[in-house]
Amino acid sequence: MTMNPVLMALLANNANKYKGGDQGKAQKAKDGRNTIRLIAPSPAEAKWVGEDYKFHRDVGVHWIKADEKAKPLAVVGSEEICFDRVSPISAAINAAIASAYDEESKKLYESWKAKAAVLVNVVNRANGEVEVWEMPRTVWGKINDLALLYADQSGVNIFDHASGMDLVITKSGKGLNTQYDVAVSPFMPGKPFPPVTADQIEKASNLDDFIKSNFFRDGDDKKALSAIAQIANVVIPQIGAPVTPTAALTSAGSSVAGANVAQTGSLQATQPTTIDPAVQAAMLAQEQARQAADAKAAEDARQAILASQIAALQAAQAAPAPTPAPVVVQPTEVLTPTTGMSELSADQQADLLAQLAAIGG
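Using the working numbering, the first residue of the sequence shown is number 2, and each one after it goes up by one.
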């Protein structure tokens, strides 16, 4: 079956959007080969898809930690990534980064930023289950490129329920060196891939509800803002600020006949709210652990220096005494008398000659 023109346009736009680069209960590709079939409901099959045929969703999550290696104090979705709207949490994080007093603090605050990923419903061929999968943006971009290639070259819609194709996502490497390859699963000529069934389409998750239930629970945003304010010591934006018109649009000089100025919500600064007791206790425990680690490191360094000094003293005592350098006795310089021999008496001359003879002999 050929691809719907609206879906084709969406994929073409995605090809540019998802070139760059994970959260909740969504599944992820495991190391090695992962064979899946994407479930792409139409607007008639799932109201949440919409008339643009967008069957995937962008997602991003803030992990607020007091230390990079510690457990998060708050986990909340990114409104900017998920809903394309202004986020008080992102504003607070940016304020924290701007106020960082050292590189270590700045690195911590930057780790609070959400990284964008993509959610999509799939049939996992390894277990036959319908699952929500979270993919790096680069992987989703490769899938879009592959779909456009087949649509352009052969008129095939790889997302079609009946005649679509299974995909193989191969994951390799670790950490920053992780790589993903995307390809159509090998198949026998004349033997189509198993179709996506009506039951599997029915089991596919409403991704809007999935995001809200997993990443936007009541109170999580306030907990995140409170933790940011306490850790970074910054003034945070107020959630639910009074709705006020933008000043630049309500001034007398900006009035336009027949025009109505929409009332817009404004972010207002407020003093940090009282931190949640559980968050406060976790932060205190983490700070105490960090102080204890610093104290131990300082004591270990002091002991190492002391041990080095003792070893140097012991080595000096065990070394043999140095052999004294031989004393070289220089011969006594004989001064030539300035007084002439002829001016001395006979006895003085005889005595002087005797002394010279004694020295010479």
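Virtual Cβ for every residue (Gly too), placed ideally from N, Cα, C. All values derive from a computational prediction rather than experimental measurement.
So the alpha helix (DSSP H) residue 208 belongs to, where does it begin and stop?
Residue 208 -> alpha helix (DSSP H) spans 208-216.
Report yes if the CB atom of residue 69 is closer than 7 Å to the CB atom of residue 112, and no otherwise.
Their beta carbons are under 7 Å apart, which means residue 69 touches residue 112 by this criterion.
Kindly provide the ranges of any beta strand (DSSP E) runs that are 3 or more residues long and lie completely inside the segment 24-106, ordered along the chain.
Here the runs fully enclosed are 33-39, 58-60, 62-65 and 75-78.
Please state the DSSP three-state secondary structure of residue 357.
Helix at residue 357.
Per DSSP, which residues does residue 181 bridge with? Please list them.
Paired residue(s): 172.
Roughly how many angstroms lie between the CA atoms of residue 85 and residue 222, to the nearest whole one?
Those two C-alpha atoms are separated by around 16 Å.
Taking residue 133 and residue 120 to be in contact with their CB atoms under 8 Å, please state how far apart those CB atoms are, rounded to whole angstroms.
That pair is a contact at about 6 Å.
How would you label residue 260, buried or exposed, when you count the other beta carbons within 10 angstroms and need 16 or more for buried?
With a pLDDT of only 42 at residue 260, under 50, the local geometry of the prediction cannot be trusted, and the value read off the model is given with reservation. Result: exposed.
For residue 257, count neighbouring C-beta atoms within 10 Å of its own C-beta (all shown protein chains included) and say buried if the count is 16 or more, exposed if not.
Low per-residue confidence applies at residue 257: pLDDT is 40, beneath 50, and the placement is therefore not dependable, though the value from the model is reported in the following sentence. By the 10 Å Cβ count, residue 257 comes out exposed.
Using the beta-carbon count (16 or more within 10 Å), is residue 137 buried or exposed?
Buried is the call here.
Are there 16 or more other CB atoms within 10 angstroms of the CB of residue 227, so buried, or fewer, so exposed?
Residue 227 comes out buried.
Counting pairs of Cβ atoms below 8 Å between the segment 141-148 and the segment 212-219, do you hit three or more?
At 8 Å Cβ cutoff, the stretches do not touch.
Closest by CA to residue 197, which one among 43, 109, 75 and 214?
When only C-alpha atoms are compared, the closest one is 43.
Cutting at 8 Å between CB atoms, please list the residues of its own chain near residue 168, excluding the five before and the five after it.
Taken in chain order, the residues that qualify are 36, 37, 38, 39, 144, 147, 159, 183, 184, 185 and 186.
Report the residue from 180, 212 and 129 whose alpha carbon sits nearest the alpha carbon of residue 201.
Of 180, 212 and 129, the residue nearest in Cα terms is 129.
Is the beta carbon of residue 97 closer than 7 Å to that of residue 110?
A contact, by the Cβ cut-off of 7 Å.
Quick check on residue 134: does DSSP put it in helix, strand or coil?
In this structure, residue 134 counts as strand in the three-state DSSP scheme.
Between which two residues does the alpha helix (DSSP H) containing residue 228 stretch?
It spans 221-233 - the alpha helix (DSSP H) in which residue 228 sits, taken as one unbroken run.
Do residue 75 and residue 65 count as a contact pair if the criterion is CB distance below 7 Å?
Yes, these two residues count as a Cβ contact at 7 Å.
Since residue 139 and residue 33 should fall inside the 8 Å C-beta cutoff, what is the C-beta to C-beta distance between them, to a whole number of angstroms?
Not confirmed; about 18 Å, so no contact.
Where does residue 128 fall in DSSP's three states?
Coil, per DSSP.
So, for residue 56: in the same chain, excluding its five sequence neighbours on each side, which residues have a beta-carbon less than 6 Å away from its beta-carbon?
Result list for residue 56: 41, 42 and 50, in chain order.
Taking only the alpha-carbon atoms, compute the straight-line gap between residue 225 and residue 293 and give it to the nearest angstrom.
Distance between the alpha carbons of residue 225 and residue 293 is about 26 Å.
Whole angstroms are fine: how far does the CA of residue 164 sit from the CA of residue 192?
About 11 Å.
Assuming residue 363 contacts residue 60 (C-beta within less than 8 Å), just tell me the rounded distance between them.
This structure cannot speak to residue 363, because the chain is shown only from 2 to 362.
Please return the same chain residues whose Cβ sits closer than 6 Å to the Cβ of residue 77, not counting the five positions on each side in sequence.
63, 221, 222 and 225, listed in sequence order.
Look at the alpha carbon of residue 310 and the alpha carbon of residue 235, and state the distance between them as a whole number of angstroms.
Distance between the alpha carbons of residue 310 and residue 235 is about 46 Å.
Compare the C-alpha of residue 67 against each of 30, 105, 47 and 208 and name the closest.
Closest option to residue 67, Cα to Cα, is 105.
Check each candidate in 358, 107, 211 and 127 and name the one with the smallest Cα separation from residue 229.
The shortest Cα separation from residue 229 among 358, 107, 211 and 127 belongs to 107.
Would a C-beta distance cut-off of 7 Å place residue 122 and residue 206 closer than the cut-off?
Yes, the pair counts as a contact, with Cβ atoms nearer than the cut-off.
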